[in-house]
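A.B. asks:
In this note's numbering, the protein residues as written are 689 to 1072.
1) Using the rule of at least 16 other Cβ atoms within 10 Å of the residue's Cβ for burial, across every protein chain shown, is residue 900 buried or exposed?
2) Sort 804, 893, 928, 1010 by Cα distance to residue 727 and report the nearest one.
3) So within the region 953-995, which uninterrupted alpha helix (DSSP H) runs reach at least 4 residues, ignoring any that extend past its ends?
4) Residue 741 and residue 788 look like a contact to me (Cβ under 8 Å); what is the Cβ gap, rounded to whole Å?
5) Please report the straight-line C-alpha distance between residue 762 and residue 915, rounded to a whole angstrom.
6) Please list the terminal residues of the continuous alpha helix (DSSP H) segment that includes residue 873.
7) Below 6 Å CB to CB, which residues in the same chain sit around residue 903 once its five sequence neighbours on both sides are set aside?
8) Residue 751 and residue 824 - do their beta-carbons sit closer together than 8 Å?
9) As a quick exercise: from 884, 918, 930, pick the residue whose alpha carbon is nearest that of residue 854.
10) Classify residue 883 as helix, strand or coil using the three-state DSSP reduction.
11) Hey, quick one: how far does the alpha helix (DSSP H) through residue 715 stretch, first residue to last?
12) Can you round the beta-carbon distance between residue 942 and residue 909 to whole angstroms, since I take them to be within the 8 Å contact cut?
13) Based on Cα-Cα distance, which residue from 907, 760, 897 lies nearest to residue 838?
14) In the DSSP assignment, what are the bridge partners of residue 1066?
15) Which residues mark the beginning and the end of the beta strand (DSSP E) in which residue 785 is found?
16) Any idea which residues DSSP pairs residue 1012 with across the strands?
17) Where residue 880 and residue 911 are concerned, what is the direct C-alpha to C-alpha distance, given to the nearest angstrom?
18) In this structure, how does DSSP classify residue 906 when only helix, strand and coil are distinguished?
19) Could you give the residue range of the beta strand (DSSP E) that holds residue 684?
20) What residue range does the beta strand (DSSP E) around residue 1027 cover?
21) What distance in whole Å lies between the Cβ atoms of residue 783 and residue 764, which are believed to be in contact at a cut-off of 8 Å?
22) If contacts are defined as beta-carbon pairs under 8 Å, then residue 725 and residue 718 qualify, I think. What distance do you get, rounded to the angstrom?
23) Report yes or no: do the region 965-979 and the region 1032-1039 share at least 3 C-beta pairs separated by less than 8 Å?
24) Does the distance from the CB of residue 878 to the CB of residue 843 come in under 8 Å?
25) Quick one: what does DSSP say residue 858 is sitting in, helix, strand or coil?
26) Using the DSSP secondary-structure output, state which residues sit across from residue 832 in a beta bridge.
27) Output the distance between the C-alpha atoms of residue 890 and residue 1004, rounded to the nearest integer angstrom.
28) Under the three-state reduction of DSSP, which class applies to residue 692: helix, strand or coil?
29) In this structure, how does DSSP classify residue 1073 when only helix, strand and coil are distinguished?
30) Keeping to the same chain, check which residues put their C-beta closer than 7 Å to that of residue 846; ignore five residues upstream and five downstream.
31) For residue 898 and residue 884, I'd like the C-alpha separation in whole angstroms.
32) Apply the 10 Å Cβ neighbour rule to residue 815 and answer buried if 16 or more other Cβ atoms are within range, or exposed otherwise.
33) Please determine, among 869, 757, 827, the residue with the shortest C-alpha to C-alpha distance to residue 809.
34) Which term fits residue 736, buried or exposed, when burial requires 16 or more other beta carbons within 10 angstroms of its beta carbon?
35) Exposed or buried, what is residue 931 when buried is set at 16 or more other beta-carbons lying within 10 Å of its beta-carbon?
36) Does DSSP put residue 722 in a helix, a strand or coil?
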């Protein structure tokens, strides 16, 4: 049996990219058509965790932009889990801080979300801007609860928006559900099955079904609640505490599930990573716990998604210190192991049996892709 013991002994190794640090700045973006200033908190890839520092100099890449809408009477501080997760992976995330009162205007907030996309794109061509030439044309408008509903409303206000992601999206006035019937952009609708504030049956499922997107995905997280999409927020917790059912998974568990899917979806669409699309489909196709639905397949030209493969076996699963790959054919095969963020951990070529030493890996979800005789399969593995 061929064995791979340590990373530095493997000729086919791909070194994992180091995550970026998190820069932060406050912008006052002025919309002259409405005579309105949109105070916006922006987090971006940097070389140090500090305010008003330059965008990272470790690469000259431009980074995809995310415009994120907060929930009812919530503030951007409740969404630290999002910027702590996404910015180190190479995303710029902007939070308009408007409409935080007990009587918000959903229309104004939707227009703010759209304007943030356009204003930040304008800064990309401004020589004096911190963000000059560092913002990719790929973007998404996103939001939680009220912000999710307003993210859907925002699409009509800017042709520069090209993707939509919502988390426990709430119905709005005007109707986010009604507006969804005119949205054709790629969308990702994430819901909590135990959400008693905006239940999927009366909110996210109606939104998902109304969407006219040529590629739309739905994730219903079993045991997940409305407020656990974000970090703890007092006002949101009050709403959660007045209804049932309560969550049956922890906040950390809910975040882990969100980002295992979201990282791959964003990387596929906003970074044009076909591997991430393949892994998204593998994760979705092997998920026996949560509710998934879609009308498309990401990277549809790739063959995948069958854990009962005809040409190799993998054991154990879940695994700890080793993964054993056994070929059913007397032919060379190639393999790659990825983490849930589509980082390639190692790859190589083998024949017959292979044992990969994995004691150095942290617990979580991984994907193994095996190709042999023009057959290619990707399976999900779990490290305890």
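Positions of the beta carbon are idealized from the N, C-alpha and C atoms, including for glycine.
C.D. replies: Quick answer:
1) exposed
2) 804
3) 962-973
4) Not a contact, Cβ separation roughly 27 Å.
5) Their backbone Cα atoms lie some 11 Å apart in a straight line.
6) Premise fails: residue 873 is in no alpha helix (DSSP H) and is neither H nor E.
7) Cβ within range, chain order: 874, 984.
8) yes
9) Restricting attention to 884, 918, 930, the CA atom closest to the CA of residue 854 is found in 918.
10) Coil, per DSSP.
11) Element bounds for residue 715: not the alpha helix (DSSP H) but the beta strand (DSSP E), 709-719.
12) Right, their Cβ atoms sit about 6 Å apart.
13) 760
14) 1057
15) No beta strand (DSSP E) contains residue 785, which DSSP labels as neither H nor E.
16) 1003, 1043
17) Taking C-alpha positions only, residue 880 is separated from residue 911 by approximately 7 Å.
18) In the structure shown, residue 906 sits in a strand (DSSP, three-state: E or B).
19) For residue 684 there is no data in the structure shown, the boundaries of the chain being 689 and 1072.
20) For residue 1027, the uninterrupted beta strand (DSSP E) run begins and ends at 1020-1027, by DSSP.
21) 4 Å
22) 5 Å
23) The answer is no - the region 1032-1039 does not touch the region 965-979, with fewer than three Cβ pairs under 8 Å.
24) no
25) Residue 858: coil per DSSP, three-state reduction.
26) Bridge partners of residue 832: 855.
27) 41 Å
28) Here residue 692 scores only 42 on pLDDT, less than 50, and its place in the model should not be relied on; the value that follows carries that caveat. Here residue 692 sits in strand by DSSP.
29) Outside the displayed range of the chain (689 to 1072) lies residue 1073, so it cannot be described from this structure.
30) 802, 805, 806
31) 21 Å
32) exposed
33) 827
34) exposed
35) exposed
36) In the displayed model, residue 722 falls within coil according to three-state DSSP, outside both helix and strand.
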